[in-house]
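Protein chains in written order, with our numbering: chain A, 8 to 341; chain B, 84 to 421. Cβ atoms here follow ideal geometry from the backbone N, Cα and C, with glycine treated the same way.
This is how it looks when you write it as structure tokens:
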């Protein structure tokens with residue numbers, strides 16, 4: 008694998024997962040961010056860029072780790088500069104904006120890779136592989152759950168700009184459900200407390216039920232809780248010839264029995280085994296260098312946003328929302 | 084202490100076994116059982132006198148003989164669709180009734196049973212044994228004490244093996260009222276009724292028949308039911324018969340309550356030892372006598388002359404949720420609960 012110079016934009020929470028992974032893979036990283044860039048550079052041995060233009064003019068590939076509302080604009084700027092783009096999920100606030108990014112990339116002849124990292128978490132990859140190998144037979148009922156402390160930055164809670172819990176966090180498991188059980192045809196969702204005057208609640212739970220084209224049904228629970236709650240994920244997939252389950256609390260390499268101390272809080276998972284961020288970036292780089300397509304494509308990213316938007320519509324209307332993948336991808340009904 | 088006379092009507096429901104066993108072990112009751120329809124049933128498992136004889140339970144061939152014995156309490160273990168006709172006989176004979184869940188296969192039947200109880204001046208209790216687990220009691224008291232703050236949402240699961248084998252009627256809608264939506268929604272719905280203390284406002288449900296499709300059943304074998312409450316709380320119940328037939332564990336009933344301060348979860352079947360023997364993976368439960376705890380409560384309430392819980396009204400409310408879930412799954416619409 009060639010050594011690349013990666014342009015990392017943004018120095019917030021997720022950049023602390025990407026930057027060390029890029030370094031571990033042996034790539035150079037130039038970082039530009041409105042704040043926090045020098046601390047990030049110092050922590051992981053990155054080079055600072057003085058401006059976005061300086062960064063775009065000096066790198067081989069761009070990695071966007073900024074808040075959601077800036078994703079589409081930054082992706083379009085990188086595409087205009089002729090660069091391949093890796094973009095944190097969601098690629099944009101709306102599927103329509105994500106489609107514009109995809110169209111621009113096609114026109115310029117570059118690629119956009121949405122960083123749906125859960126596809127690279129080994130437990131989810133193992134479920135996907137088992138399903139693909141037919142070990143569960145025909146999938147019937149799936150459940151996914153994800154919860155931890157709510158993020159602290161304010162932008163997460165501006166629904167028009169970032170989509171709140173459903174778009175920001177549950178997009179992971181909406182993508183998992185689609186990846187594992189296939190095309191979705193209907194979405195029903197509910198959230199408590201509700202979003203009021205465009206402000207998503209900081210502490211909230213949402214449930215989304217998906218009907219897949221195959222007839223399989225998926226349930227996704229997402230929650231943002233108070234500071235200090237443990238980040239927990241789980242799934243349960245039942246099919247005509249078996250059932251597989253995972254719960255991040257159920258099997259641990261280390262268990263402790265120590266009185267709790269105040270202050271620890273996280274909305275990012277504790278990593279074990281292969282670093283899924285590095286696995287993800289490695290696969291994207293291989294694709295950029297002409298290797299096989301990665302397991303997650305821009306269309307998957309657009310559809311994940313579409314699912315989250317349908318869920319937000321359902322939360323608002325209290326009704327089941329039909330979902331047409333072709334319409335989401337092309338803007339034209341099937 | 085005078086012994087209470089408890090009659091068991093029908094062995095159609097598999098729980099007749101645990102009721103008879105539990106009642107036989109007590110010295111504060113007299114027991115008599117009858118299963119006149121057993122001989123005509125298509126069930127491959129033993130019914131009637133043969134079933135009673137296995138346990139050594141006192142048995143008579145007809146309900147006339149059972150009621151001539153003047154039972155204080157009757158436990159109804161008929162097929163779901165026959166609960167009302169059994170209740171007519173039991174209340175007509177002046178007995179209190181413990182009825183297997185679901186209380187009935189239609190809301191109208193369930194409401195009739197409550198009315199019959201009121202007219203007879205007798206108690207009607209619905210058999211929701213999971214309410215009597217230590218896990219649920221602890222969850223309920225800790226949630227009510229505010230441990231998770233304000234409750235936002237609940238995720239319930241009642242996943243087990245498909246009830247085939249000895250009792251085929253469980254998957255025949257004519258007798259059961261439906262599939263997994265009937266068999267497995269009501270337990271969690273009852274726990275939610277007790278935990279939240281507010282009636283459901285709307286229900287949205289989806290179901291399919293992919294699990295055990297090889298059995299060629301006409302009823303749903305999997306489903307996801309979301310229930311909304313006036314406070315804004317919602318709860319989803321996974322009612323699927325999704326536990327593979329060759330699993331060591333039957334399944335579980337779980338409830339996870341998420342609130343503003345965190346979450347609490349219960350498992351009804353958490354007390355077991357497990358391992359592997361020559362016959363494969365094994366699961367050996369201990370201390371899981373919910374039916375016994377439920378009978379304790381019923382007998383104590385009847386002796387004290389107070390209404391046992393969960394009562395017939397809970398039976399009606401949970402039947403309404405099932406009916407709404409069936410309608411929602413059929414129409415694809417969100418259904419208001421009357």
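Here residue 225/B has 347 as same chain residues with Cβ atoms under 7 angstroms from its own Cβ, once five neighbours each way along the sequence are excluded. With a minimum length of 3 residues, there is no unbroken run of beta strand (DSSP E) contained wholly in the segment 288-317 of chain A. Taking C-beta atoms as the reference points, residue 303/A and residue 100/A fail to come closer than 9 angstroms.
Under the three-state reduction of DSSP output, residue 68/A falls in the strand class. Excluding its 5 nearest sequence neighbours in each direction, residue 322/A has C-beta neighbours in its own chain below 8 angstroms: 173, 196, 197, 198, 201, 202 and 213, listed in chain order. For residue 214/A, the nearest beta carbon of chain B is closer than 9 angstroms to its own beta carbon. When DSSP reads this structure, residue 186/A sits in no beta bridge, so it has no partner.
Between the segment 90-110 of chain A and the segment 306-322 of chain A, the count of C-beta pairs closer than 8 angstroms reaches three or more; the two stretches touch.
Listed in chain order, the alpha helix (DSSP H) elements of length 4 or more contained wholly in the segment 140-170 of chain A are 166-169. DSSP, read as helix, strand or coil, puts residue 312/B in coil. Three or more Cβ pairs drawn from the segment 52-68 of chain A and the segment 30-40 of chain A lie within less than 8 angstroms of each other, which places the two stretches in contact. Measuring C-alpha to C-alpha distances from residue 132/A to each of 177/A, 183/A, 148/A and 178/A identifies 183/A as the nearest.
Assignment of beta-bridge partners to residue 195/A by DSSP yields 216/A. Sequence-distant partners of residue 331/B (beyond 5 residues in either direction) whose C-beta falls short of 6 angstroms from its own C-beta, in its chain, are 364, 365 and 366.
For residue 409/B, the three-state secondary structure derived from DSSP is helix. With its beta carbon less than 9 angstroms from one in chain A, residue 294/B belongs to the interface.
Annotation for residue 404/B: 268, 272, 283, 286, 310 and 420 place their beta carbon closer than 7 angstroms to its own, counting only its chain and skipping 5 residues before and after. Against chain A, the beta carbon of residue 327/B has neighbours under 9 angstroms at 245, 248, 249 and 250, listed in chain order. Residue 212/B and residue 181/B have their C-alpha atoms spaced approximately 11 angstroms apart.
Comparing C-alpha distances from residue 14/A to each of 31/A, 29/A and 66/A shows the shortest one belongs to 66/A. Of all residues in the segment 214-248 of chain B, the ones placed with a Cβ closer than 7 angstroms to any Cβ belonging to chain A are 235, 236 and 238, in chain order. Under DSSP, residue 227/A takes part in a beta bridge, and its partners are 151/A and 215/A.
Within 10 angstroms of the beta-carbon of residue 42/A lie fewer than 16 other beta-carbons, which makes it exposed.
When the beta-carbon positions are compared, residue 227/B and residue 160/B stay at least 9 angstroms from each other. Taken in chain order, the unbroken stretches of beta strand (DSSP E) that lie wholly in the segment 220-269 of chain B and span 3 residues or more are 234-243. The beta carbon of residue 241/A is closer than 7 angstroms to those of 152, 253, 254 and 255 in its chain, skipping five residues each way along the sequence. Taking 9 angstroms as the cut-off, the beta carbon of residue 95/A is found closer than this to the beta carbon of residue 73/A. Ranking 234/B, 339/B, 296/B and 279/B by CA distance to the CA of residue 262/B puts 296/B first. For residue 135/A, not one C-beta of chain B is nearer than 9 angstroms to its own C-beta. For residue 137/B, the enclosing alpha helix (DSSP H) starts and ends at 131-138. Proximity to residue 396/B across 258/B, 408/B, 381/B and 207/B peaks at 207/B, based on C-alpha coordinates. If you look at residue 127/A, you'll find it isn't in any alpha helix (DSSP H); DSSP assigns it neither H nor E. Rounded to the nearest whole angstrom, the C-alpha separation of residue 149/A and residue 225/A is 5 angstroms. Between residue 325/B and residue 147/A a beta carbon distance of about 7 angstroms is seen, short of the 8 angstroms cut, so the two are scored as contacting. Taking 9 angstroms as the cut-off, the Cβ atoms of residue 130/B and residue 258/B do not count as close. The straight-line gap separating the alpha-carbon atoms of residue 248/A and residue 328/B is approximately 9 angstroms.
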